[in-house]
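For what it's worth, the working numbering labels the leading residue of the sequence shown as 26, then goes sequentially. Every residue, glycine too, gets a C-beta built ideally from N, C-alpha and C. Keep in mind that this is a model prediction, so the values were computed, not measured.
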Amino acid sequence: MSEFETYREERGHDHPDAEEYVELAEDLRDAVAGEVRFDEYSQVLYATDGSIYQARPAGAVFPRNVEDVQAAVRVAEKHGVPILARGAGSSLAGQAVGPGCVVLDMTVYMDEILDIRPDEQRARVQPGVVQDHFDEYAGQWGLKFAPDPASSNRATIGGGMGNNSTGAHSVRYGITDAYTEELKVVLSDGSLIHTREVVLDSPEYEEIVSKDDREAAIYETVRGLVEEHEEEIETRYPELKRNVSGYNLDRVIYENDDGERVINLSKLLVGSESSLGVIVEAEISLVTLPEETSLALYCFDDLIDALRAVPEALEFEPSAVELMDSEVFRLARDNEEFAQYEEPIPDGTEASIMLEFDSELHEDLEEPIRETNAHFVEEGDAFDVLEAYSEDDQARMWKLRKAAIPLLMSLEGDPKPYPFIEDATVPPEELAEYVQEFMEILEDHDTSAAYFAHAGSGTLHIRPILNLKEDGDIQKMLSIADDVTDLVKERHGSFSGEHGDGLARTQFNRKMYGEDLWEAFLEIKETFDPDWRMNPGKVVFQEDDPTDMRENLRYGAEYSSVEPQTKLDFSKEGGFSQLVELCNGCGTCRQTDDVMCPTYRGSKDEIETTRGRANMLRAAISGEIDEEEMYSKQFQEEVLDLCVGCKGCKNDCPTGVDMAKLKTEVKHQYHERESPSLRTRVFANIDQLSWLGSKLAPLSNVGPKLPGSRKVMEKAVGIASDRKLPPFESESLTEWYAERGSRISEEEADRKVLLFPDTFTNYSYPDPGKAAIRVLEAAGVHVRIPDDYAPSGRAAYSTGRLDLAEERARTNVETFIPYIDDDWEIVAIEPSDAVVFQDEYRDILPGEETDRIAEHSYGVMEYLDTHRLIDDLTDAGRLIDAGGSLTYHGHCHQKATAKDHHAVGVLRRAGYDVDPLDSGCCGMAGSFGYEAEHYDLSKSIASILFEKIDRSDGEEVVAPGASCRSQIGDRDGRSENPPHPIEKVEAVLAP
């Protein structure tokens, strides 16, 4: 049983199967070892993917092995229900959406790398392996799986095979089918076949076709159709690096390296979108990793000139050719996160092409750039070039290129740039004329789009801006798609060069391939799947049930949502519902780098992704489920309580879905209906409890150590008995300061700081506060701790006690403003308190005064870095040589607000060698890790951090967050918490 399955069972809520699927669900539970979920929540969670579509499945099955897949398929066959195999659900054309389907989620258990043979450059994998995880593993032998979709940090290899995925380097490597050598596939009758190269008319081939079974029929049918339609295949299939429309009849029979004519059904199954069978194992071929790369970005004052340069660029053997237009640059320029990457782009750049060169094709990586500079700048239409040779500089260019989709999808309001013809592909030499004609189509339909992506292979991601909540724009979508597919056909292109057919483009395959090949597709489908149960309606459709791109839309003319009255200010997001609807389903929250989403990493359950929570909220506000369900105890515990409020999604989500804010608002509304629990009240008022604990110390530290006391505490309050509690200091930081006073007077000080004494620093861990005061004073800063402050409100905010958070925010605003008027700045030792001043106060108390507080508030390391005080200390000879190396774990809230880098910079300039971990939440998340029902998940999340710490070469761990230090200090074998970074700065202050 999975961790989440155990958790929700312990909560004791009912999860009845959907009424029409009760018998199906019961039979599946009898047949498979994995979990079976057919309740309403699970149906909502698996109703969408990364596309514009939505359709409720029957339910979801989480197979543990091949036998589970076979059993599930046979049970579904018995009940006449369709099957849909799913990876990360990041598909953009609706391949992973199927009404009434049994969804097989292959990511939870079937995610093992079974074998790798570096000398052969081969590997065997299960379908649920995330591509980046595989590449990281294969990288130790200098190998990788060649296709590199932008979603590779969460997309699975199996999902990529279903889609026939590729990415920016298809110019160099091609697409997935070229690297899929063998497959094990479960057919619609539950039988298992092994596809591989089989020499035609060999004894092996004759043995296969001699049997009276489905596998034999498939081989004979496919061979017969390919040979019968050889001329039509030659004529109809476009000569492109990328074509993922229809079935791969042009690739299934070929001459192998030994000169033998072979049939390999693996090539046909790749790109079939699980409409022919379920892939349960794959043998893949690998490529070597180039040791080095270089980039050159050429700037043009006209988009069409840039496009005309693309086929010329291919002559210089690049490994990637990417295009961006002025709209991408404009949006990046106006975006706080991406502006830094756009800054080097020269004024007047209407479009750019970015060329990458690698060391496997070019011995001297500067040489091809010298040649392209001469061709495009000195002799051509480019007016400037940006060159990048270091990893960091290249990463910044790629960051700008990959920002295109998130920037476009974060447009405010209902009109959005939707994907439905966004990956049509034409020969690169046709691009310029194709785009000119595409522009005319958009103009005829009174809309616009941005132009970017994989120009080198003829694929541009062009997303027309439409409002799919209006019937007129839904019809316009079909009209645009009809005109564009006509245009692509005229230009000898493919309707899909990357993202597949799905619900968006299947209806156009007949137009692309003609009646003869369409009939061949139908015959292939009916041979593999006579009852049309494998993801029906994808790639092909039945005449009496045609696929229509206007059906099963996530939003549609009938869609409406309730805009709830909110305590927090959602005006900058366009309202509560607009923030919920920003989630486009791309699944970035399933990634395992950056911050988002820690609970998903700990559990691997869809409901614990930002996408899952957003889907549940949207279902409630749109009436798909009862609106009041959002305020039920079950919804709170299973959907919202497992969000740790790390804020990672605010930064890492491509569209900026701030789930922490949404959760807090809904928790507040829930508390308005249901009185908060004792534990909620305790944690919201943790400052008062800590004050009392400090006054009673050391006696207050003895009580929890008495035999049985922690069990009583767990039963009475819900605080985990196995969790180490923070100690109370008898002398608080404020008391220490009051007795000590300031060592730098206002008159002699260069700057004035109001140091905020957060709860943990004040009453439990005062050493970081003392270190901060000493370092600031060494830098010539006058420091004062205020007398008339309130707790920051962070604890109240995180528990959904917004009335209390507002009260505390108001007190602090009134306290801080006079200081700010007198040129003081606010500095916090605890990152979450610094961020609540910088961010959440604006939502709690919007207005000019809170804006001023946000602008004048800092974390202590941020303050030292922003004002270059550490440099002043170095220049004044106030620092001794540190030596030593540190492993730095940053705080989620500072990562989410782009503040985390300051500590690393300060520590390095203080003389330390710093390894900043690419880590997410530690799993404590304030009160979360203390809560009994969340303790196991908290430790599971922490184990991910501990693995990163163990791999680091740092001699000592440092972390600015008190919760993070507690989690690391609570690790088995540790006796104390690691230091705050400011303590390491104090350690190198000269006497």
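Where G525 and S270 are concerned, what is the direct C-alpha to C-alpha distance, given to the nearest angstrom?
6 Å
Residue span of the beta strand (DSSP E) that contains A582, given as start and end:
Per DSSP, A582 is not a residue of any beta strand (DSSP E), being assigned neither H nor E.
Would you call G648 buried or exposed, if buried means 16 or more other Cβ atoms sit within 10 Å of its Cβ?
exposed
In chain order, which alpha helix (DSSP H) runs of at least 4 residues are fully inside the segment 230 to 285?
239 to 253 and 255 to 261
Jot down the residue ranges of each uninterrupted alpha helix (DSSP H) in the segment 491 to 533, minimum 4 residues, whole runs only, in chain order.
496 to 515 and 527 to 530
Out of curiosity, what's the CA-to-CA distance linking N189 and R638?
29 Å
Exposed or buried, what is E653 when buried is set at 16 or more other beta-carbons lying within 10 Å of its beta-carbon?
exposed
Taking the beta carbon of T205 as the centre, do at least 16 other beta carbons fall within 10 Å, making it buried, or is it exposed?
Around the Cβ of T205, a 10 Å sphere holds 16 or more other Cβ atoms; the residue is buried.
In this structure, what does DSSP give as the bridge partners for W849?
K777
Close-in-space but distant-in-sequence residues of the same chain around R358 (CB under 7 Å, 5 per side omitted)
A364 and E367
Quick one: give me the first and last residue of the alpha helix (DSSP H) that M379 is part of.
Here M379 belongs to no alpha helix (DSSP H); instead the beta strand (DSSP E) covers A376 to D383.
DSSP state of S319 mapped onto helix, strand, coil:
Strand at S319.
Alpha helix (DSSP H) segment containing H927, residue limits
H926 to R934
Tell me which residue opens and which closes the beta strand (DSSP E) that M807 is part of.
In the sequence as presented, Met is not what sits at residue 807; that position holds His. Counting along the chain, the beta strand (DSSP E) containing H807 begins and ends at V806 to R809.
What would DSSP say about S217, mapped onto helix, strand or coil?
Note that residue 217 is Leu in the sequence shown, not Ser. In the three-state reduction of the DSSP assignment, L217 falls in the strand class.
Whether V295 touches S482 by CB criterion (8 Å)
no
Residues sharing a beta bridge with A478, DSSP
L348
Looking at V353 and A449, is the spacing between their C-beta atoms short of 8 Å?
Going by beta carbons, A449 and V353 fall outside the 8 Å limit.
Count the other CB atoms, across all protein chains shown, that sit within 10 Å of the CB of M26; report buried if there are 16 or more and exposed otherwise.
exposed
If you run the structure through DSSP and keep just helix, strand and coil, what is M621?
The answer is coil: DSSP assigns M621 none of H, G, I, E or B.
Is the segment 662 to 671 in contact with the segment 682 to 692, if contact means three or more CB pairs nearer than 8 Å?
yes
Please classify E437 as buried or exposed, where buried requires at least 16 other C-beta atoms within 10 Å of its C-beta.
exposed
Minimum C-alpha distance to E342 - residue among L380, S310, E306 and L328
Of the candidates L380, S310, E306 and L328, the one whose C-alpha sits nearest the C-alpha of E342 is L380.
Out of I905, L904, V838 and H914, which one is the CA nearest neighbour of A879?
Looking at the Cα atoms, V838 is the closest of the given residues.
Measuring only the C-alpha atoms, how far is G497 from S504?
11 Å
Enumerated in chain order, which unbroken segments of the alpha helix (DSSP H) with a length of 4 residues or greater are wholly contained in the segment 970 to 1008?
987 to 994
Between the beta-carbon of D74 and the beta-carbon of G610, is there less than 8 Å?
With contacts defined as CB atoms closer than 8 Å, D74 and G610 qualify as a contacting pair.
Using DSSP's beta-bridge definition, name the partner residues of F325.
A376
Please classify V155: does DSSP put it in a helix, a strand, or coil?
The answer is strand: DSSP assigns V155 an E or B state.
By the 10 Å Cβ neighbour count, where 16 or more other Cβ atoms means buried, how is K563 classified, buried or exposed?
Counting the other Cβ atoms within 10 Å of the Cβ of K563 gives 16 or more, which makes it buried.
Let me make sure I understand the geometry here. Which of R395, F325 and C946 has the alpha-carbon closest to that of I370?
I370 has its Cα closest to that of F325, out of R395, F325 and C946.
Would you mind reading off the limits of the beta strand (DSSP E) that contains Y883?
S882 to G884
Using CA atoms only, rank isn't needed, just tell me which of T759, D812, S319 and I378 is closest to P336.
Among T759, D812, S319 and I378, the Cα nearest to that of P336 belongs to I378.
Classify E39: buried if its beta carbon has 16 or more other beta carbons within 10 angstroms, exposed otherwise.
Note that residue 39 is Asp in the sequence shown here, rather than Glu. Flag for D39 reads exposed.
Going by DSSP in three states, R488 sits in which element: helix, strand or coil?
coil
Could you give the DSSP three-state label for A85: helix, strand or coil?
strand
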